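>
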Amino acid sequence: MRIFKDTFQKSVQSHDGYLIRYDVSYVSHRDKVLFFVHGLGGDLTAWDKDRLIMKELGYSTIAMDLRGHGFSDRPVDEAAYSLDNLALDILDIVKAEHIHSFILVGHCFGGMVATVFAAKFSRLLKALIIIDIGYKPPFTSTNRVAISLIMALLKLLAACFPDKYIHQHQDFSKSHYANEWEVKDLVQNIVHTSFHSYLEIFHDALVVDNEHLLKKITAPTLIITGDEDKIIPPKIAKEIHHRIKHSSIEFIPHANHILVLNNPSELCVTMHLFLKKLKI
Numbered sequence: 136m137r138i139f140k141d142t143f144q145k146s147v148q149s150h151d152g153y154l155i156r157y158d159v160s161y162v163s164h165r166d167k168v169l170f171f172v173h174g175l176g177g178d179l180t181a182w183d184k185d186r187l188i189m190k191e192l193g194y195s196t197i198a199m200d201l202r203g204h205g206f207s208d209r210p211v212d213e214a215a216y217s218l219d220n221l222a223l224d225i226l227d228i229v230k231a232e233h234i235h236s237f238i239l240v241g242h243c244f245g246g247m248v249a250t251v252f253a254a255k256f257s258r259l260l261k262a263l264i265i266i267d268i269g270y271k272p273p274f275t276s277t278n279r280v281a282i283s284l285i286m287a288l289l290k291l292l293a294a295c296f297p298d299k300y301i302h303q304h305q306d307f308s309k310s311h312y313a314n315e316w317e318v319k320d321l322v323q324n325i326v327h328t329s330f331h332s333y334l335e336i337f338h339d340a341l342v343v344d345n346e347h348l349l350k351k352i353t354a355p356t357l358i359i360t361g362d363e364d365k366i367i368p369p370k371i372a373k374e375i376h377h378r379i380k381h382s383s384i385e386f387i388p389h390a391n392h393i394l395v396l397n398n399p400s401e402l403c404v405t406m407h408l409f410l411k412k413l414k415i
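Numbering of the sequence shown is given in our numbering, commencing with residue 136 and proceeding in unit increments.
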């Protein structure tokens, strides 16, 4: 059940011909627009609590379904899922909404997409906020076996059921996600995304190396991480902070990788204080 109900969903045709769905909620003015990009396996409703809080603080919000997620199209072509194409989907939406300057917010894989966008189109950003993200594969030898098994299973299921998925948004209303790697949550993410789409994006997340892009980001940047994040350890956030010139870093105490869902109040206070310092 959604708690953020006073919005309306729209769609745009992407630069390469796919339907991309998104959700908008404007306050009386559009000079403070937050654009939210969810992580792998999620959808735009993952941001409902955060968007509601930020709206009460006076911000307009947009949230998108990344291609392969929610009600957006699921391309067959694996090249369609490149980070460049996903970043261009953001550009297609802001053009359709006639927005010339905004604040981009991305979590995990969505933060990787936001990083690519910021490196290419920093001139459009008032600020960049990236949450629990990496810039290169964070996996160590201790979990490569598990990752290899997941990849093999996804390839098998994608070959058997390439077009099968649950065509609806997920229910993210659960009050707390204590564990970051719960099997039932992983399965829910995959079956809502489709085996094929999840496989393609999961592969991209494993091999991505955005280190060369970080120095190209000129927009004021806030890096946020949970200090108990075990998927992308906080030391990665420190490395990103070191590589982005105009950046600051904040740690959410006692928060894991699912802080967007678990800690919306703390997250929104952190974002709001950062934006106030920038006079946004």
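Cβ atoms here follow ideal geometry from the backbone N, Cα and C, with glycine treated the same way. Only a predicted model underlies this, so the values are computations on that prediction, with no experimental measurement involved.
1. On the three-pair Cβ rule with 8 Å, is the region 318–327 touching the region 226–238?
2. Taking contact to mean at least 3 C-beta pairs separated by less than 8 Å, is the region 185–205 in contact with the region 162–172?
3. Excluding the five sequence neighbours on either side, which residues of its own chain have a C-beta within less than 8 Å of the C-beta of Lys271, listed in chain order?
4. From Asp224, Leu201, Ile266, Leu289, pick the residue whose C-alpha is nearest to that of Thr357; which is it?
5. Taking the C-alpha atoms as reference points, what is the distance between Ser257 and Pro369?
6. Throw me the rounded Cβ distance for the Asp212 and His150 pair, which I believe falls under 8 Å.
7. Skipping 5 residues on each side, what residues in its chain have a beta carbon closer than 7 Å to that of Gln323?
8. Mind checking who Leu239 pairs with in its DSSP beta bridge?
9. With H, G and I counted as helix, E and B as strand and the rest as coil, what does DSSP make of Ser400?
10. Using the Cβ count rule (16 or more neighbours within 10 Å means buried), how would you classify Ile379?
11. What's the gap between the Cα of Thr275 and the Cα of Val162?
12. Measuring straight from C-alpha to C-alpha, what distance separates Val229 and Gly205?
13. Find the nearest neighbour of His389 within the set Leu349, Asn398, His376, Lys309, judged by alpha-carbon distance.
14. Among Ile352, Ala214, Asn314, which has the Cα closest to the Cα of Thr250?
15. Can you tell me whether Arg165 is helix, strand or coil according to DSSP?
16. State yes or no: is the C-beta of Arg157 within less than 9 Å of the C-beta of Gln144?
17. When you compare only the Cα positions, how much space is there between Ile188 and Leu218?
18. Terminal residues of the continuous beta strand (DSSP E) containing Asp208?
19. Is the CB-CB distance between Arg152 and His242 below 9 Å?
20. Between the Cα of Val318 and the Cα atoms of His338, Leu341, Ile384, Ile285, which residue gives the shortest distance?
21. Who are the near neighbours of Ser332 in its chain, counting only those whose CB is closer than 6 Å to its CB and skipping five residues on each side?
22. For Lys387 versus Glu374, is the C-beta distance shorter than 9 Å?
23. For Lys309, count neighbouring Cβ atoms within 10 angstroms of its own Cβ and tell me buried if that reaches 16, exposed if not.
24. Within 10 Å of its beta-carbon, does Asn314 have 16 or more other beta-carbons around it, so buried, or fewer, so exposed?
25. For Met199, list the residues DSSP reports as bridge partners.
In terms of the structure at hand:
1. For the pair of segments examined, the region 318–327 was found not to touch the region 226–238: the number of CB pairs separated by less than 8 Å stays below three.
2. Verdict: yes, contact present.
3. On the sequence shown, position 136 is the one that residue 271 refers to. Result list for Lys271: Val343, Asp344, Asn345, Glu346, in chain order.
4. For the purposes of this step, residue 357 is taken as residue 222 along the sequence shown, with counting starting at 1. First, the amino acid is wrong: residue 357 is Leu here, not Thr. The candidate whose alpha carbon is nearest that of Leu357 is Ile266.
5. In the sequence shown, the residue the question calls residue 257 occupies position 122. In the sequence shown, the residue the question calls residue 369 occupies position 234. Taking the straight line from one Cα to the other gives about 25 Å.
6. One-based indexing of the sequence shown puts residue 212 at position 77. One-based indexing of the sequence shown puts residue 150 at position 15. So it is not a contact: roughly 14 Å between Cβ atoms.
7. Within the sequence shown, residue 323 is the residue found at index 188, counting from 1. Counting only Cβ-Cβ distances below 7 Å, and skipping sequence neighbours, we find Gln305.
8. As a position in the sequence shown, residue 239 is number 104, starting the count at 1. According to DSSP, Leu239 shares a beta bridge with Phe170, Leu263.
9. On the sequence shown, residue 400 is found 265 positions in, with the first residue counted as 1. Looking at Ser400 - three-state DSSP - the assignment turns out to be helix.
10. Locating residue 379 in the sequence shown gives position 244, counting from the first residue. Here Ile379 is buried. Its C-beta has 16 or more other C-beta atoms within 10 Å.
11. Taking the sequence shown and counting its residues from 1, the one referred to as residue 275 is at position 140. Taking the sequence shown and counting its residues from 1, the one referred to as residue 162 is at position 27. Reliability fails at Thr275, whose pLDDT of 48 lies under 50, so the model's placement of it is uncertain and the value that follows must be treated cautiously. Cα to Cα, the separation comes out at about 45 Å.
12. Locating residue 229 in the sequence shown gives position 94, counting from the first residue. Locating residue 205 in the sequence shown gives position 70, counting from the first residue. CA-CA distance, Val229 to Gly205, rounds to 19 Å.
13. Translated into the one-based positions of the sequence shown, residue 389 becomes position 254. Of the listed residues, the one whose Cα sits closest to His389 is Asn398.
14. Position 115 of the sequence shown, counting from 1, holds the residue named residue 250. Cα-wise, what sits closest to Thr250 is Ile352.
15. In the sequence shown, residue 165 corresponds to position 30, counting from 1. Reduced to three states, the DSSP call for Arg165 is coil.
16. Position 22 of the sequence shown holds residue 157. Position 9 of the sequence shown holds residue 144. According to the sequence displayed, residue 157 carries Tyr and not Arg. Yes, they are a contact pair.
17. Walking along the sequence shown from the start, residue 188 turns up at place 53. Walking along the sequence shown from the start, residue 218 turns up at place 83. A straight-line Cα-Cα distance of about 29 Å links Ile188 and Leu218.
18. If you number the sequence shown from 1, residue 208 lands on position 73. For Asp208, there is no enclosing beta strand (DSSP E), as DSSP marks it with neither H nor E.
19. Residue mapping note: residue 152 aligns to position 17 of the sequence shown, counting from 1. Residue mapping note: residue 242 aligns to position 107 of the sequence shown, counting from 1. In the sequence as displayed, the identity of residue 152 is Gly instead of Arg. No, the Cβ-Cβ distance between Gly152 and His242 is not below 9 Å.
20. For the purposes of this step, residue 318 is taken as residue 183 along the sequence shown, with counting starting at 1. Distances from the CA of Val318 to each of His338, Leu341, Ile384, Ile285 were compared; the closest alpha carbon is that of Ile285.
21. Stepping through the sequence shown from its first residue, residue 332 is reached at position 197. The residues are Gly203, Arg209.
22. Counted from its first residue, the sequence shown places residue 387 at position 252. Counted from its first residue, the sequence shown places residue 374 at position 239. What sits at residue 387 in the sequence shown is Ile, not Lys. Cβ atoms of Ile387 and Glu374: not closer than 9 Å.
23. For the purposes of this step, residue 309 is identified with residue 174 of the sequence shown, where counting begins at 1. Result: exposed.
24. Position 179 of the sequence shown holds residue 314. Under this definition Asn314 is an exposed residue.
25. Here the question's residue 199 lines up with position 64 in the sequence shown. Partner(s): Tyr157, Val172.
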